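Everything below concerns the one structure shown next.
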Amino acid sequence: MSEQIFGIHGAALELRSKRMGVLASNIANAATPGYKARDIDFAAALNARLSDGEDGPAGSGGRDHMVYKVPTMATLDGNTVELGREQVAFAENAMAYSATLSFVQGKVNTLTRALKGE
Numbered sequence: 059m060s061e062q063i064f065g066i067h068g069a070a071l072e073l074r075s076k077r078m079g080v081l082a083s084n085i086a087n088a089a090t091p092g093y094k095a096r097d098i099d100f101a102a103a104l105n106a107r108l109s110d111g112e113d114g115p116a117g118s119g120g121r122d123h124m125v126y127k128v129p130t131m132a133t134l135d136g137n138t139v140e141l142g143r144e145q146v147a148f149a150e151n152a153m154a155y156s157a158t159l160s161f162v163q164g165k166v167n168t169l170t171r172a173l174k175g176e
């Protein structure tokens with residue numbers, strides 16, 4: 059029922075939240091030797107979610123669309139996190155999350171006013 063009310067935005071909000079966690083993990087492990095930076099292919103995960111009604115097998119939460127990032131410059135310790143890029147990706151994702159959340163809040167407010175008869 060939530061897909062009928064919120065459309066694509068409910069699924070997008072959930073995936074953006076999961077992506078934010080992955081990007082935060084990358085930033086937290088920027089100095090961990092051998093850590094491989096990951097990301098969620100947001101477009102592929104969202105398309106799969108909308109076409110299947112699930113996020114992959116058993117509602118995998120974007121894990122099927124997890125990709126390892128290829129660094130521009132290799133490091134000696136094998137860590138592939140590029141802190142500047144991760145921070146930019148996190149900020150962009152946070153802005154998109156905020157915009158989607160604002161849209162969902164607007165829908166909820168509209169439905170609340172309609173139910174109250176305003």
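Read left to right, the sequence shown gives residues 59 to 176 (my numbering). Note that beta-carbon positions come from the ideal geometry of N, C-alpha and C, so glycine has one too. Keep in mind it's a predicted model, so treat the numbers as computed, not measured.
Would you tell me roughly how many angstroms separate the C-alpha atoms of R171 and F161, rounded to the nearest one? To locate residue 171, count along the sequence shown from 1; it is residue 113. To locate residue 161, count along the sequence shown from 1; it is residue 103. Computed Cα separation, rounded: 15 Å.
In whole angstroms, give me the CA-to-CA distance for L169 and A69. Translated into positions along the sequence shown, residue 169 becomes position 111. Translated into positions along the sequence shown, residue 69 becomes position 11. Looking at the two C-alpha atoms, the distance is approximately 19 Å.
Classify K76: buried if its beta carbon has 16 or more other beta carbons within 10 angstroms, exposed otherwise. Residue 76 sits at position 18 when you count from the first residue of the sequence shown. The residue in question, K76, is buried, as its Cβ has 16 or more Cβ neighbours within 10 Å.
For Y155, which residues from the same chain have a beta carbon less than 8 Å from its beta carbon, with the 5 sequence-adjacent residues on both sides left out? For the purposes of this step, residue 155 is identified with residue 97 of the sequence shown, where counting begins at 1. So the list reads L71, R74, S75, M78, once near-sequence residues are dropped.
By how many angstroms is the C-alpha of D99 removed from the C-alpha of D113? Locating residue 113 in the sequence shown gives position 55, counting from the first residue. Locating residue 99 in the sequence shown gives position 41, counting from the first residue. Note that D113 has pLDDT 46, beneath the 50 cutoff, so the model's placement of it is unreliable and the number below is only indicative. If you take the alpha carbons of D113 and D99, they lie about 12 Å apart.
Should V139 go down as buried or exposed, given a rule of 16 or more other Cβ atoms within 10 Å for buried? For this step, residue 139 is matched to residue 81 along the sequence shown. V139 comes out buried.
For V125, which of helix, strand or coil comes out of DSSP? By one-based count along the sequence shown, residue 125 stands at place 67. Strand.
On a CA-only basis, which of P91, I66, R96 is nearest D135? Give me that one, please. Taking the first residue of the sequence shown as position 1, residue 135 is located at position 77. Cα-wise, what sits closest to D135 is P91.
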